[in-house]
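Chemist:
Numbering (the numbering used here), first residue to last: 396 to 447.
1. Which residue from 409, 414, 416 puts its Cα closest to that of residue 425?
2. Going by C-alpha distance, which of 427, 417, 421, 443 is nearest residue 337?
3. DSSP state of residue 427, grouped into three classes?
4. According to DSSP, is residue 400 helix, strand or coil?
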């Protein structure tokens, strides 16, 4: 995960993250957030396994 993704996970606003990352277009930051949602929905997260 990137610093942008981590900042969004910690509750920072798009604007705060945009200023931190120095991206000119806020849509760039939004793409990181969308990517984070895709990671959360990754099929591997739904697999069950036994810990022995």
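Note that beta-carbon positions come from the ideal geometry of N, C-alpha and C, so glycine has one too.
Modeler: Let me lay it out:
1. 409
2. The displayed coordinates of the chain run from 396 to 447. Any statement about residue 337 would go beyond what the structure contains.
3. helix
4. helix
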